[in-house]
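**Q**
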Amino acid sequence: MESQEFIVLYTHQKMKKSKVWQDGILKITHLGNKAILYDDKGECLESIFLKCLEVKPGDDLESDRYLITVEEVKVAGNIAVKQDVIKEASELNPRRLISSGRSLGCQPAGLKRKFTGFRGPRQVPKKMIITENGESAESLEAKKPGPIFLSPFYSTPPLFSTVG
5 MESQEFIVLY THQKMKKSKV WQDGILKITH LGNKAILYDD KGECLESIFL KCLEVKPGDD
65 LESDRYLITV EEVKVAGNIA VKQDVIKEAS ELNPRRLISS GRSLGCQPAG LKRKFTGFRG
125 PRQVPKKMII TENGESAESL EAKKPGPIFL SPFYSTPPLF STVG
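Position one of the sequence shown corresponds to residue 5 (our numbering), numbered consecutively onward.
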């Protein structure tokens, strides 16, 4: 078995929110557990040991210095063949559609799911309190004139008197 080559995007900005991605090539050795990352000029950037033996387009890999996204398989003659991961997944199991194009096999340890958005406060229904004579607490509050809650700050005089 010969070594596989993939066209990848890589970045060294692992912690930044907005990253600058560069083109590169990932060569996987014939044993399948070691991958070497090259930049677009062919210079070796880093050697990585893979946890899972199979790498597919859509996989995200993480090394000590780089985040790597596998884009497509590179075939001999510098012609890249794009594999439609979403289409293959929907043909295998129509109920489970992988919309992001990421594989479910090997997830890198450092990448986490992003927060989906703001969630507003939920509304809690009021509890009905029934007194001894059978009336609800809401009807008693409606009969009482004046404020229901008196703060201790209302009964104390102000610290500074206003001259008017």
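Using N, Cα and C, we set each Cβ at its ideal position, and we do this for glycine too.
On a predicted model such as this, the values are computed, not experimentally measured, just so you know.
Identify which residue in F53, I29, E75 and Q17 has its Cα closest to the Cα of E9.
**A** Answer by Cα proximity: I29.
**Q** When we look at the beta-carbon of T73 and count the other beta-carbons within 10 Å, is it buried (16 or more) or exposed?
**A** That one is buried.
**Q** If I11 and E76 are in contact, beta carbons under 8 Å, what's the gap, nearest whole angstrom?
**A** About 5 Å; that satisfies the 8 Å criterion.
**Q** Could you check how far apart the C-beta atoms of L35 and I52 are, in whole angstroms? I think they sit under 8 Å.
**A** The pair is not a contact, with the Cβ atoms about 13 Å apart (cut-off 8 Å).
**Q** With a Cβ-Cβ cutoff of 9 Å, do L54 and K38 count as a contact?
**A** A contact, by the Cβ cut-off of 9 Å.
**Q** One question on the structure: do T15 and Y70 come within less than 9 Å of each other, judged by their Cβ atoms?
**A** A contact, by the Cβ cut-off of 9 Å.
**Q** So, E50 versus D68, is the Cβ gap smaller than 9 Å?
**A** Cβ distance < 9 Å, so E50 and D68 count as in contact.
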